[in-house]
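Trainee: Numbering (this note's numbering), first residue to last: -19 to 441.
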Ligand code: ARG
């Protein structure tokens, strides 16, 4: 039987297995700091409202500070019997300071308390999460800056399609991450309101000052409906969804690093520090870090689905099911932050192989669209132009020739154009740079995109 007593209503203690099953302290103890901050703000407000004496407040402050020190020193005995972080700390407070500790819970329920703790936790860890995404964006921007003259095939259907600058490709991932950062920052901003004062579900008759608590805790204001404040978890779902989308984006970047570092592509080499060997095959160097990042997308998406399923169909307001909000949220935020950090190092230390990229371009007939566009400039209808170039490529492929190996005769026969005019269009850089529109991989526009990316990076900090 557990030692905790629920007070007058309960004659029997709790079964030991039930106590363990019911307890959340194993995972919610990471809210201790936020719980104590919330309690301090609440106590100061109670004192300002005349609901606690100055001495009582003083002794609560001293008691909570001492508890925080013991937690930090790893010297706090968490107990399943006391169920959760809130009751562990409160029981210890009463134990150490006596009567004043029993007054701390005036005008408060664990329902508005846990809702507050979670929002404070999201504010703190959300800032770390954003910093990790910003670091990855910065690594991508630096590599983009350094490789403006590297050209590789852009792909559709994983078939070589048209030439693009490596910097443009890297900045595509940065653009996704910039939106991820915004989505996460948005979710954090939208939840930044204080639930304290909502009580168990219906507020409190005591003369509290909710705004005073909100200000002390750095919230933008107070929540506007007590049932909503203790019963809703859409702010967590929103953050989880943003994390899942970000993690899915990371998995696509990871997948490209896996492909590009393979012997088949050999577009880049990943640093040994981000790879592992094989226990059996001495020649292997495996891209485990990007593979794990790719794999963890399943888990973060699972975290979103887990909480969405918990919340779906729950009547208002608080239900114990909501204790299940913590592990998915903690897991998703921890996972995404670690993945972004691992990817930052992986990207920053990767080396790119210009010649391999160029060989892939030439072997891939990526000049073909350019030739069709040339024919269009000469007055040929696009469909007809497409057909003529297709015929030429078909013949070259049969002979094992690349487009730059085309003979004058083949040019005349298939394209009905002057050979010099056609050859002038085989220059890959010029081919890209003729695309003079915003958002294109042309040199000027990539340079502009780099400036814009650096600016929005600063805005994210
Ligand atoms: N450990 C609980 C949770 O995380 C705290 C709130 C408990 N409230 C209650 N009415 N049992 O959800």
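Every residue, glycine too, gets a C-beta built ideally from N, C-alpha and C.
1) DSSP three-state label for residue 266, please.
2) With a threshold of 8 Å (Cβ to nearest heavy atom), would residue 103 be considered close to ligand 1?
3) With H, G and I counted as helix, E and B as strand and the rest as coil, what does DSSP make of residue 414?
4) Under 7 Å Cβ to Cβ from residue 433, same chain only, skipping five residues before and after it: list those, please.
5) Assign residue 106 to one of two classes, buried (16 or more other C-beta atoms within 10 Å of its C-beta) or exposed (fewer than that).
6) According to DSSP, is residue -2 part of a helix, a strand, or is it coil?
7) CA-CA distance, residue 520 and residue 233?
8) What I want to know is whether the C-beta of residue 90 ends up closer than 8 Å to one or more non-hydrogen atoms of ligand 1.
9) Check whether the Cβ of residue 9 sits closer than 8 Å to any heavy atom of ligand 1, and report yes or no.
10) Which full runs of the beta strand (DSSP E) of 3+ residues lie inside the region 95 to 144, going along the chain?
11) Could you spell out where the alpha helix (DSSP H) holding residue 384 opens and where it closes?
12) Is the CB-CB distance between residue 193 and residue 297 below 9 Å?
13) Could you check whether residue 227 and residue 280 sit closer than 9 Å to each other, using their CB atoms as the reference points?
14) Can residue 37 and residue 93 be called in contact, C-beta distance under 9 Å?
15) What does the Cβ neighbour count give for residue 247, buried or exposed, with the cut at 16 atoms within 10 Å?
16) Terminal residues of the continuous alpha helix (DSSP H) containing residue 246?
17) Between residue 16 and residue 426, what straight-line distance do the alpha-carbon atoms span, to the nearest angstrom?
18) Expressed to the nearest angstrom, what Euclidean distance is found between the alpha-carbon atoms of residue 393 and residue 149?
19) Among all the DSSP beta bridges, which residues are the ones paired with residue 332?
20) Please give the ranges of any alpha helix (DSSP H) in the region 137 to 221, keeping only runs that are unbroken, at least 4 residues long and fully inside the region.
Mentor: Quick look at the numbers:
1) strand
2) no
3) coil
4) 121, 151, 154
5) buried
6) helix
7) This structure gives no information on residue 520, because the portion of the chain shown stretches from -19 to 441.
8) yes
9) no
10) 131 to 136
11) Counting along the chain, residue 384 falls outside any alpha helix (DSSP H), and DSSP gives it neither H nor E.
12) no
13) yes
14) no
15) buried
16) First-last for residue 246: undefined, no H or E at that position.
17) 49 Å
18) 36 Å
19) 248
20) 146 to 170, 190 to 196, 206 to 211
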